[in-house]
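Protein chains: 2
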Amino acid sequence: MKNLDLIQRWLGDSHLAGLIVPSTDEFLSEFPPAANRRLLWATGFRGSVGLAVILRKAAVLFLDGRYLRQATEDVGEAEIEILPTSLAARRGWLTRLLSPNSRLGLDPRLHSPTEVTQWQGLAAEFGFGLEMLSENPIDQLWSEARPAAHRPQIIDYSVRYAGETFQAKCAAVVDHLQATGLHALFVPDPEDVSWLLNVRAADVALKTEVGDWHVVPSCTSSALVRQDGRVFWFVDADRIAVDVVARRAEDITILPPESIAATIRDVARHGSIGTDLRRTSAAIAAILEEVGIWRDDGIVARRRWRKHPAELQAARRAHIIDATAVVRFMAWLTRVVPQRAVSEFEAAQKLDDLRGEHPDYKGASAPIMSASGPSGAQPHYIPRASVSRKLNDHPLFWIDSGGQYPGGTTDNTITLAVGTPEAKHVLAHTLVLKGFIALATTRFPAGIPAFRLDAITRQALWREGMDFPHNTGHGVGNCLNVHEGPYIGRDPGPLTMVPIEEGMIITNEPGYYAEADFGLRIESHLAVVESHLPNFLEFETISRLPIDPGLVDFDRLSLSERQWLIDYHRTVLRDLEPMLDALSLEWLRQLVGVFIQAGGFPDSHGASAKSSAVPPTVGA
Amino acid sequence: MKNLDLIQRWLGDSHLAGLIVPSTDEFLSEFPPAANRRLLWATGFRGSVGLAVILRKAAVLFLDGRYLRQATEDVGEAEIEILPTSLAARRGWLTRLLSPNSRLGLDPRLHSPTEVTQWQGLAAEFGFGLEMLSENPIDQLWSEARPAAHRPQIIDYSVRYAGETFQAKCAAVVDHLQATGLHALFVPDPEDVSWLLNVRAADVALKTEVGDWHVVPSCTSSALVRQDGRVFWFVDADRIAVDVVARRAEDITILPPESIAATIRDVARHGSIGTDLRRTSAAIAAILEEVGIWRDDGIVARRRWRKHPAELQAARRAHIIDATAVVRFMAWLTRVVPQRAVSEFEAAQKLDDLRGEHPDYKGASAPIMSASGPSGAQPHYIPRASVSRKLNDHPLFWIDSGGQYPGGTTDNTITLAVGTPEAKHVLAHTLVLKGFIALATTRFPAGIPAFRLDAITRQALWREGMDFPHNTGHGVGNCLNVHEGPYIGRDPGPLTMVPIEEGMIITNEPGYYAEADFGLRIESHLAVVESHLPNFLEFETISRLPIDPGLVDFDRLSLSERQWLIDYHRTVLRDLEPMLDALSLEWLRQLVGVFIQAGGFPDSHGASAKSSAVPPTVGA
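One line per chain: the protein sequences are A and B, in this order. Using the working numbering, the first residue of the first sequence is number 497, and each one after it goes up by one. Using the working numbering, the first residue of the second sequence is number 497, and each one after it goes up by one.
Dropping the structure here:
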């Protein structure tokens, strides 16, 4: 019997007309551990963000644009309707299928308070009841084949990578509590907890079809810091490695997760409590609401996003290790594709294997996107073994992937011409590259909200009537979730309005996607660094991935853009030289030579562009 | 006795501890007629935006950054404290000076509902009472010397300028009401009413010290459109010119302003009402709240901001007329300054006089800003006869001014080197010019919110650690208020989030201001036009004002920037040639020649820049 049928049969036996199932878990995580992926279990949908409403005889999946197409492959369309995530779509479906006075169940541990308020609004509007479930029926039904409970061992995160002891970090939080008059701070976000206490999960990995493991090293746990310096960590004690406990025994009280409510109630008797509302579940928010004064406070995330110099150094090292695998992959690919068929799936697996040759590689930082030609028109395309194009059938190929390394997390996209590109491919790639360089070289006032930089990557594309349907970039965790604040995005929102500050790591990832035809993207990581001008910041590109000169129309580049490409590729070569095998190194040298040659003759219009349009396959 | 004393004595005799006095009037206008400028009467503050709180023995004026300096000249600092407009400053002052349980009076006709809610929040926080006044004490006290009641004659606005009859515009509103299920639309904004009914005020002018009259031709009146097509116009019938009444008698019911409340109550019995909340006073909002279902609807403003092709054509004509005066002024100034002393005040008066030589000039579109050297470091500096620098004392001078013409409104800033500029002046001007050209030549997806374009004018300045503390641009009314939506601004807000659409007119006005040293700005109007690429828009610069080549470092300009300057100045010359006197024309020809020469020798670095650094005074 299918899981959806199990839920619908359960609904038939209950007083509920339906059940609301989100992709998030108890920690409102973007990538919950396998045992918490209730939406995947219920519907088969593999994407990271979505929401299902399951009624006794109908079901719907509300998804954002990037997943609308993919989802039809994942779920049986006959049984589950797929609709965009807009409020209008939700309204339409509810009007059509929900009879008035029926009741929908919702697990408040899995939703943000904002979402619960939205559902309450819809319930009032359509006259249905909303029931807060204290037990989730999926947890009862999901017996067989449920992944082992999510209890990875918790290990120490070296201060060599962290840059600061957990005592120093907690002391800074205490200073903040004193300055703002809060009695305590509840820390609901596992990434915040991992950063604050200098711990990581040893083996939190999600099995993926392509590549092997998607690793999210944050400890699924929460904490509370009191103004007097006492720290409570809500986590199963037996998950913690012995040395971790020993080192923290003096400073930290370890409590079982079940005691969160009681602890909050106790602490609230002495003063007000802060919590990061962005990651606080409606269930926890209800407790805070009940005990009295509390307010939104994202201090831990805001400090975490500003990396310590030691963290930046560890990230730079991770990028060199990672780029070594990617360059070997690029050299391999340009050698192999002319000789035999290579699928998107095989290419992704090969890159994961090459990364795995370095002992520090812990696994992928996100499921690998590997897209040839028309596949690449979907910005979030993930190939499956059963559905995987041949790279040989189209000149364009892009791969978006990254690794978890001690102290660093990478997430990069390269686009390669594996055949002879058409003019439209070269044009799109050149315009994307111009946007990429524009952001990489921009300087800006310290502390401006991130959204203000978004248009910079788009101007060259706009000029030709082109654009891309996603944000320009996102913050990147260090040995944590690859997505964090701030977002350099189009719309003002909690994450795009975060001020950009020194030490942050943010992606630079403009792209272009031509419906059903082709797509491409260039993605690197930028570290936010001081400039020589007071109160102005600039970016340091810390990725070390080459650009394919065969996809560049040098006539469209300014002298300073060409010079940037030369300087950047010289740095790539310098840093990767000792890491590469002779064959890959020779391939990289030739590639860098094309940039130097194109940049060196600024006045020979046409000639330089023609010679550089030869893809780097030539030398390999 | 001073007006402030009058108010404080009145407070002493009343049960109120204080009175809140905003700069806005019953129509929440930015530029209320003289008889409605209660804040000016109470405090002497001449700026357009501010808020006073007057207690029996203390008073404060909350002002935004641009006015903090100016205000100290306007008001007696000893009696009125001047503080920034932030909520924190408001809190601090209230805590310090307001005793608990006292009551503050507020006239709900002069505030937006949002402001009243804010005051209610503060009242709850600090434990004071807020009393909604049905009569404004200032209206009782302000007997002597109050300007004649604001009753200008209302005249027809030709369909030649409007492009559409008022019947067609009202029919479009009716279509909108039917489509959105509203029974009626209340139109509280005088600019909307003027546009919708094709009327203007004949003689609404504010006396200014410099220049003569600041003209705001919108009719201070409101209206209501019912879904059945009936239009109610709330205005004193005797203000309307006979022909205006005759042409509208069939379609429009004229009612006295006092009948708004009764009409809304009557209409509300049949269905819900829309109103533009941005311009609805708390007094009107309270009536809508009382009668039941209503919602925010800014349809009239949104249509008004998208100009009809006939409106664009009228605006283009107004810019040519206006630029003729400005170019004559520039030629005059460069002739006169080397010979004798010229003050900021005289310069402004001269430009106003030159504009006045064209029969179509109706008056200034805003008080004239005319700033030499250090004055110019204040972005909103307005000279007074008594405080006015000599242009001869500093090489930099800028003037921000514009006119009201039949069918068009201008508002432009030119910066001139009236002496030999220093390198820092040329650098700042060149970077501002680069931003100016970047926005003028940008192309962008139709309908993106205006704030997304803001960073484009700043990138060149940012690169050198510089910025400017105001928005990039604002929409411009046609023969209406010079400020309207959308704003190309830094912060997301109701006006910066307005989608940019074809037909809008928006200013392009980057600047640079070096504290207490110098300042400069370049401002032109852009019309939003279709591009040859589907779903992409671009700008047409419709101003015809020359740039001073003596303030341009051509070495810092790209070839395409130089080419844009050549093309633009050729257009300026072509359009102004028949309008100019021989002396001014010769001056303009020489100026244009400098751009052509500089652009023509892209490879002769240094040489071209040196020759162009000679200010245009040379030939005059």
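We treat Cβ as the ideally placed atom computed from N, Cα and C, and that holds for glycine. Computed from a predicted model, the values in this text were never measured in an experiment.
* **The beta strand (DSSP E) enclosing B/Q900, as first and last residue numbers** => In the second sequence, the residue the question calls residue 900 of chain B occupies position 404. Segment 899-901, the beta strand (DSSP E) holding B/Q900.
* Asked: If you draw a straight line from the alpha carbon of A/T591 to that of A/A862, how long is it in whole angstroms?
  -> Residue numbering aside, residue 591 of chain A sits at position 95 when the first sequence is read from its first letter. Residue numbering aside, residue 862 of chain A sits at position 366 when the first sequence is read from its first letter. Approximately 37 Å, taken between the alpha carbons.
* Asked: Straight-line CA distance for A/Q636 to A/H511?
  -> Locating residue 636 of chain A in the first sequence gives position 140, counting from the first residue. Locating residue 511 of chain A in the first sequence gives position 15, counting from the first residue. If you take the alpha carbons of A/Q636 and A/H511, they lie about 16 Å apart.
* To do: Determine contact between the segment 836-847 of chain A and the segment 883-894 of chain A, defined as no fewer than three beta-carbon pairs at a distance below 8 Å.
  => yes
* To do: Compare the C-beta of A/A951 with all C-beta atoms of chain B and state if any pair is closer than 8 Å.
  => Residue 951 of chain A sits at position 455 when you count from the first residue of the first sequence. With 8 Å as the cut-off, A/A951 counts as an interface residue toward chain B.
* To do: Please go through the segment 770-811 of chain A and give each complete beta strand (DSSP E) segment of 3 or more residues, from N-terminal end onward.
  => 790-792
* So which residues of chain A does B/D963 contact, with C-beta pairs closer than 8 Å? -> Working through the second sequence from its first residue, we reach residue 963 of chain B at position 467. Those within 8 Å of B/D963 in chain A are P941.
* Asked: In chain order, what residues of the same chain lie with their CB nearer than 6 Å to the CB of B/S598, ignoring the 5 residues before and after it?
  -> The sequence position of residue 598 of chain B within the second sequence is 102, counting from 1. Closer than 6 Å at Cβ, skipping near neighbours: A513, F624.
* Residue-chain proximity (B/L923, chain A), Cβ-Cβ < 8 Å -> Locating residue 923 of chain B in the second sequence gives position 427, counting from the first residue. Chain A contact via Cβ: absent.
* Asked: What residue does the beta strand (DSSP E) around A/S868 start on, and which one ends it?
  -> The residue given as residue 868 of chain A occupies position 372 in the first sequence. From DSSP, the beta strand (DSSP E) with A/S868 extends over 865-868.
* What residues in the segment 801-833 of chain B have a beta carbon less than 7 Å from any beta carbon of chain A? -> none
* Tell me which same chain residues have a C-beta within less than 8 Å of the C-beta of A/G788, skipping the five on either side of it? -> Within the first sequence, numbered from 1, the residue matching residue 788 of chain A stands at position 292. Closer than 8 Å at Cβ, skipping near neighbours: A764, S768.
* Which residues mark the beginning and the end of the alpha helix (DSSP H) in which A/R647 is found? -> Along the first sequence, read from residue 1 onward, the residue named residue 647 of chain A stands at position 151. No alpha helix (DSSP H) contains A/R647, which DSSP labels as neither H nor E.
* Asked: Bridge partners of B/I750, per DSSP?
  -> Against the second sequence, residue 750 of chain B aligns to sequence position 254. In DSSP, B/I750 forms a bridge with B/W729.
* Asked: Does B/Q955 get closer than 8 Å to chain A when you measure Cβ to Cβ?
  -> Here residue 955 of chain B corresponds to residue number 459 of the second sequence, with the count starting at 1. For B/Q955, the answer is yes, since a Cβ of chain A falls inside 8 Å of its Cβ.
* To do: Spell out whether any CB of chain A is found under 8 Å from the CB atom of B/T905.
  => Numbered from 1 along the second sequence, position 409 holds the residue referred to as residue 905 of chain B. So no, B/T905 is outside the interface.
* Might you give, ordered along the chain, the residues of its own chain that have their beta carbon closer than 6 Å to the beta carbon of B/I816, omitting 5 neighbours on each side? => Counted from its first residue, the second sequence places residue 816 of chain B at position 320. Hits under 6 Å: R1040, D1071.
* Chain-ordered neighbours of B/W958 on chain A, where CB pairs are closer than 8 Å -> On the second sequence, position 462 is the one that residue 958 of chain B refers to. What B/W958 touches in chain A: T938, R939, F940, P941, F1032.
* **Residues that DSSP places opposite B/S1020 in a beta bridge** => For the purposes of this step, residue 1020 of chain B is taken as the residue at position 524 of the second sequence. DSSP, once it has assigned bridges, lists B/N1004 as partnering B/S1020.
* Determine the extent of the alpha helix (DSSP H) in which B/F932 is found, giving its start and end residues. => Residue numbering aside, residue 932 of chain B sits at position 436 when the second sequence is read from its first letter. Element bounds for B/F932: 919-936.
* Asked: Using the C-alpha atoms, what's the distance from A/I910 back to A/T830?
  -> Reading the first sequence from its first residue, position 334 is the one you call residue 830 of chain A. Reading the first sequence from its first residue, position 414 is the one you call residue 910 of chain A. Rounded to whole angstroms, A/T830 to A/I910 spans 13 Å at the Cα level.
* Does the count of Cβ pairs from the segment 1048-1058 of chain B and the segment 897-909 of chain B closer than 8 Å reach three? -> no
* **Closest residue to A/R533 among A/L702, A/R743, A/R587 (Cα-Cα distance)** => Residue mapping note: residue 533 of chain A aligns to position 37 of the first sequence, counting from 1. With distances taken between Cα atoms, A/R533 lies closest to A/L702.
* **Identity of the residue in B/T1003, B/D734, B/G981, B/N1004 nearest B/M993 by Cα** => The sequence position of residue 993 of chain B within the second sequence is 497, counting from 1. Of the listed residues, the one whose Cα sits closest to B/M993 is B/G981.
* Residue interval of the alpha helix (DSSP H) (run including B/W958) -> Counting from one through the second sequence, the residue named residue 958 of chain B turns up at place 462. Element bounds for B/W958: 955-959.
* To do: Starting from B/P834, trace the beta strand (DSSP E) both ways and give me its first and last residue.
  => Here the question's residue 834 of chain B lines up with position 338 in the second sequence. Premise fails: B/P834 is in no beta strand (DSSP E) and is neither H nor E.
* Report the residue from B/Q614, B/E1005, B/P518, B/P713 whose alpha carbon sits nearest the alpha carbon of B/N632. => Here residue 632 of chain B corresponds to residue number 136 of the second sequence, with the count starting at 1. Ranking the options by Cα distance to B/N632, first place goes to B/P518.
* By Cβ distance, which residues of its chain are closer than 7 Å to A/T937, with the 5 residues on each side in sequence left out? -> Position 441 of the first sequence, counted from the first residue, corresponds to residue 937 of chain A. So the list reads W1060, once near-sequence residues are dropped.
* Kindly indicate the opening and closing residues of the alpha helix (DSSP H) around A/S582. => On the first sequence, position 86 is the one that residue 582 of chain A refers to. A/S582 -> no alpha helix (DSSP H), and no H or E assigned at all.
* Asked: How about B/L681: is its C-beta nearer than 8 Å to some C-beta of chain A?
  -> As a first step, residue 681 of chain B must be located in the second sequence, where it is residue number 185. Cβ-Cβ to chain A under 8 Å: no for B/L681.
* In chain B, which residues lie with their C-beta within 9 Å of the C-beta of A/S868? -> Residue mapping note: residue 868 of chain A aligns to position 372 of the first sequence, counting from 1. Within 9 Å Cβ-Cβ: nothing; A/S868 doesn't reach chain B, min ~28 Å.
* Taking only the alpha-carbon atoms, compute the straight-line gap between B/R743 and B/S654 and give it to the nearest angstrom. => On the second sequence, position 247 is the one that residue 743 of chain B refers to. On the second sequence, position 158 is the one that residue 654 of chain B refers to. Taking the straight line joining both Cα atoms gives about 12 Å.
* To do: Flag A/R505 as yes if its beta-carbon sits less than 8 Å from any beta-carbon of chain B, otherwise no.
  => On the first sequence, residue 505 of chain A is found 9 positions in, with the first residue counted as 1. For A/R505, the answer is no, since every Cβ of chain B falls outside 8 Å of its Cβ.
* Output, in sequence order along the chain, the residues in the segment 1049-1067 of chain A whose CB is closer than 8 Å to any CB in chain B. => S1054
* From the DSSP output, in three-state form, read off A/G872 for me. => To locate residue 872 of chain A, count along the first sequence from 1; it is residue 376. The answer is helix: DSSP assigns A/G872 an H, G or I state.
* Asked: What are the residues that DSSP puts in a beta bridge with B/G904?
  -> Reading the second sequence from its first residue, position 408 is the one you call residue 904 of chain B. Bridge partners of B/G904: B/Y901.
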